[in-house]
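Right, one structure below, let's go through it.
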Amino acid sequence: MDSDGTQDARGTHANPVPRPAVPQDGSPVPREGSPVPREGSPVPRESPALPPRPALPPGVPPLPDGSAFLSWLRTPRPDAAPGVWRFGHRPRPAEEPEQAPARQLLSGAVIAFLVGWLVWSLLWNGYLGGWWVLPLELFTPGSWRHSDNRVGNAVLWYGYYTLIAVAIMLVVGRLGRWGEVWRRFGPPAWSRAVQITERPPAPEEDPAQWPQLRAAGAVDAAERLGAEARSGLMRDVDLARIARAWQGVRSGRHSLAAFSAAVVKDGAAACPHPSGARDLPGRQARHDLVTGQVRLGATADDPRNPYQYRGSGLALGPELLGTSLLAVGPAGAGKTGGIVRPLAESLSLHALAGRACVVVVGAAGAGLGPADAYDVVVRIAHPDSVHDLDLYGGTTDPDEAAAILAEALVGDLADPHPGSDSRRSTTVLAQLLGPFRAVHGRFPSVPELRRLLDGTPGPLATLRKAVQEAGQESLLRELDARERQLGHPGDVGAVLADRIALLDRPAFAGFFDTSGQSRPFSLKALDHPVRVRIDLPERGHADASRILARLVLAQFTASVAVREDRSLFACLVLDDATGVVTPESVRGIQRLRSGNAGAVLTLRTLDDVPRPLRGPLLGAVGCRMALSGLTPWDGQDFAEVWGKEWTEARDVTDRQIIAETPAGKAVHMVRRVITGKAPTARAVTVRQVERERWSASELAHALPPGHAVLSLTTVRGEHAPPLLVDLRG
Numbered sequence: 001m002d003s004d005g006t007q008d009a010r011g012t013h014a015n016p017v018p019r020p021a022v023p024q025d026g027s028p029v030p031r032e033g034s035p036v037p038r039e040g041s042p043v044p045r046e047s048p049a050l051p052p053r054p055a056l057p058p059g060v061p062p063l064p065d066g067s068a069f070l071s072w073l074r075t076p077r078p079d080a081a082p083g084v085w086r087f088g089h090r091p092r093p094a095e096e097p098e099q100a101p102a103r104q105l106l107s108g109a110v111i112a113f114l115v116g117w118l119v120w121s122l123l124w125n126g127y128l129g130g131w132w133v134l135p136l137e138l139f140t141p142g143s144w145r146h147s148d149n150r151v152g153n154a155v156l157w158y159g160y161y162t163l164i165a166v167a168i169m170l171v172v173g174r175l176g177r178w179g180e181v182w183r184r185f186g187p188p189a190w191s192r193a194v195q196i197t198e199r200p201p202a203p204e205e206d207p208a209q210w211p212q213l214r215a216a217g218a219v220d221a222a223e224r225l226g227a228e229a230r231s232g233l234m235r236d237v238d239l240a241r242i243a244r245a246w247q248g249v250r251s252g253r254h255s256l257a258a259f260s261a262a263v264v265k266d267g268a269a270a271c272p273h274p275s276g277a278r279d280l281p282g283r284q285a286r287h288d289l290v291t292g293q294v295r296l297g298a299t300a301d302d303p304r305n306p307y308q309y310r311g312s313g314l315a316l317g318p319e320l321l322g323t324s325l326l327a328v329g330p331a332g333a334g335k336t337g338g339i340v341r342p343l344a345e346s347l348s349l350h351a352l353a354g355r356a357c358v359v360v361v362g363a364a365g366a367g368l369g370p371a372d373a374y375d376v377v378v379r380i381a382h383p384d385s386v387h388d389l390d391l392y393g394g395t396t397d398p399d400e401a402a403a404i405l406a407e408a409l410v411g412d413l414a415d416p417h418p419g420s421d422s423r424r425s426t427t428v429l430a431q432l433l434g435p436f437r438a439v440h441g442r443f444p445s446v447p448e449l450r451r452l453l454d455g456t457p458g459p460l461a462t463l464r465k466a467v468q469e470a471g472q473e474s475l476l477r478e479l480d481a482r483e484r485q486l487g488h489p490g491d492v493g494a495v496l497a498d499r500i501a502l503l504d505r506p507a508f509a510g511f512f513d514t515s516g517q518s519r520p521f522s523l524k525a526l527d528h529p530v531r532v533r534i535d536l537p538e539r540g541h542a543d544a545s546r547i548l549a550r551l552v553l554a555q556f557t558a559s560v561a562v563r564e565d566r567s568l569f570a571c572l573v574l575d576d577a578t579g580v581v582t583p584e585s586v587r588g589i590q591r592l593r594s595g596n597a598g599a600v601l602t603l604r605t606l607d608d609v610p611r612p613l614r615g616p617l618l619g620a621v622g623c624r625m626a627l628s629g630l631t632p633w634d635g636q637d638f639a640e641v642w643g644k645e646w647t648e649a650r651d652v653t654d655r656q657i658i659a660e661t662p663a664g665k666a667v668h669m670v671r672r673v674i675t676g677k678a679p680t681a682r683a684v685t686v687r688q689v690e691r692e693r694w695s696a697s698e699l700a701h702a703l704p705p706g707h708a709v710l711s712l713t714t715v716r717g718e719h720a721p722p723l724l725v726d727l728r729g
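Rendered as structure tokens:
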């Protein structure tokens, strides 16, 4: 009862919660059924609600110049792990943060809010007593709490109530992980999902202003290039080509004055490629010439992939191709369209920028790009081919020519041990090529070489007579040794003659000319940024095509090793390396990295490689790709080279719970009726085990169509573990 003899409408709680005084003006009206305040107490308010979500941030206005090129140029390209598509990449931590499931997180947040609301209601309505206002009563003068100034009294009390409510919200918010809910489902997550255009950076940091040229004093050149970029007259190839020329200025190969004069005169067209082309006729893949990458797909969001790779783009560049790439997959797995064609495009763009030279070898009609995308197109056995292929690789040394030709003719027959047929074949060819060149000033054509290898007396006698007339006594000893070996059981001349006969066919009559009447292409031209495509006549000439493919690979490995300018990246792309892998070619691929060169090889199956060479081949290349549809036997070879790793294994054991009391048995019976299963207790055992990164069975049966598993190694030695990649992403 109150002092006036009326009962308090809040009930008979022993310790009612004190209320601040209510101001007369604008006092709130109590709701129906709500407690009636005593004099000097305000009407209780509803529980505080959650603050409303802010609206999505407004979109960034478009760039003032409106140029797509500038937007592309200013897109951030942060440093990333090997193989990550850096254009617009958002780095992720190396380890996956522990995250609660969304359902568990949201339900916990709601339950925590309800608990906080319940605690606040109990405190506000006085069901827990008035102890929680004791600090206010103990540390503030009574005149403040019972002042006639109703406004000041309300501010004091409601300020204290707000402090208590905020404390409750902080506690329950921490228990309910409201911060994580906000980050995962609130505006921060929305802003990550929205692509925000970068604003133009400061002039000293804007790549479109060419600050490196300004710092070196080439202000006029920088102004001209900046104007070309803003007006939309510059392409990504122009940017890369001029940046390459600027590297030549910094290294001392070109003068700053000549570079500046060329740029001021021609703008974005300065320092042109010898062909005059500034782009390819068409592109099928996504390229970024700032980083030198070409996008091949996307890394799958799969637990078997490292967390920092999941969901990111997968791209290759010269820093990875410099360790060579081997891709194995059946026909139709996407080797040509998904790997070879994009890489050929990328390397051709690098060649137009003066950064690389590329030789693409494949069957005629394989879809390796239009002829206009190459500087030289060699169509072997095609009557309309403008260029021919130099059988001897442009060398004038008989011993070097013999080694290259022997590798092409019988390299696949050689046993991978010293003293094999390959070395003897080199000796036999050198015994004939040296005297012939000394007499005629050139190497023999295919028909002439075949007649010499057949061992018939006529051609050898004619060559001997010419050598005698030239007075080359030392070369006569070479012919004497060749004649002594004829007819012996161990003579490899007959094998060489049979193999060279595959090239002495009517379809090849106009090719491999050594008289100077044709336009032969030699791989000695790899000192220049040249784009070459060689079409092999696989239809009806499969064996000859394999010989020619081995010939090109042998000439490539020999040529890049003696280049003067190794700043130019050289790459050989073999669309089908069947029958090409030999002991010497494996050793040559291992040496490519030191010459700033690499090779891209594709195979339908590792069975196309001799068993003793499969391990050395997988060890010689730094990038290995297994495509979907692989056989378990091929998968076993990849599983062995990728090795094993320590992983956490979880063993879950369910055991039935036996109830001993009647109440427990009744509860178990009810659970069995509801769930249909006996009550069990789950035990989880966690242990560290060593298992294969990818097993042969997983590679053969668990890869979805259009996917591949790819491991990477850079020329600097950085590694990326086997990654599950979606080649269609």
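The numbering of the sequence shown is the working numbering, which starts it at 1 and goes up by one. Even for Gly, the Cβ is constructed at its ideal location relative to N, Cα and C. Source: prediction; values computed, not measured.
CA-CA distance, L213 to A222, rounds to 6 Å.
Under DSSP, G329 shares a beta bridge with no residue. Contact check for G729 against G297 passes: the beta carbons are separated by less than 8 Å. Shown here, L502 sits in coil according to DSSP, grouped into three states, outside any helix or strand.
Under the DSSP assignment, D654 falls in the beta strand (DSSP E) whose first and last residues are 644–656. Beta-carbon to beta-carbon, Q590 and A620 are separated by about 5 Å, close enough to satisfy the 8 Å threshold.
The DSSP-derived three-state label of R437 is helix. Scanning its chain for C-beta atoms nearer than 7 Å, with the 5 sequence neighbours on each side dropped, one finds around L349 the residues V237, L280, H287, L289, in chain order. In this structure R687 is exposed. Its beta-carbon is surrounded by fewer than 16 other beta-carbon atoms within 10 angstroms. Residue state for L280 is assigned as coil, using DSSP reduced to three classes. Inside the segment 258–329, DSSP marks whole beta strand (DSSP E) runs of 3 or more residues at positions 286–288, 293–299, 313–316, 325–328, from first to last along the chain. Given a length threshold of 3 residues, each whole run of the beta strand (DSSP E) inside the segment 524–558 is given here in chain order: 531–536. Around the CB of E645, fewer than 16 other CB atoms lie within 10 Å, so the residue is classed as exposed. In the displayed model, H701 falls within a helix according to three-state DSSP. The C-beta distance from A544 to L496 rounds to 15 Å, too long to meet the 8 Å contact threshold. The beta carbon of A561 lies closer than 8 Å to those of R591, G595 in the same chain, with the five residues before and after it left out. The Cβ atoms of K335 and L548 do not sit closer than 8 Å to each other.
Taking the Cα of L114 as reference, the smallest distance to any Cα among G173, W85, R92 is reached at G173. Residue pairing from DSSP places R624 in a beta bridge opposite L326, S711. Our two residues, V340 and L710, have alpha carbons roughly 15 Å apart in a direct line. Counting of Cβ neighbours within 10 angstroms places M169 among the buried residues, the total reaching 16 or more. Look at the beta carbons and you see the segment 400–408 not touching the segment 526–543: under three pairs across the two are nearer than 8 Å.
The Cβ-Cβ distance between D575 and G322 does not fall below 8 Å. In the DSSP assignment, V361 forms a beta bridge with I534, L574. With fewer than 16 other beta carbons inside 10 angstroms of its own, R682 counts as exposed. Annotation: P398 to H273 spans about 34 Å, alpha carbon to alpha carbon.
The beta carbons of A702 and L727 sit no closer together than 8 Å. A straight line joining the alpha-carbon of L723 with that of F638 spans about 13 Å. For the options H89, E137, A218, the alpha carbon positioned closest to that of R295 is the one of H89. Distance from the CA atom of T685 to the CA atom of T653, rounded to whole angstroms, is 8 Å. Put simply, the segment 385–392 touches the segment 504–514. At least three CB pairs are less than 8 Å apart.
Minimum Cα-Cα distance from G411 among the listed residues T605, G458, V580 corresponds to V580. The beta carbon of V264 sits closer than 7 Å to the beta carbons of D220, A221, R224 from its chain, once the five residues preceding and following it are set aside; these are given in chain order. In the DSSP assignment, P722 falls within the beta strand (DSSP E) that extends over 719–726. One Cα belongs to G367, the other to V377, and the distance between them is close to 13 Å. For R442, DSSP records no beta bridge to any residue.
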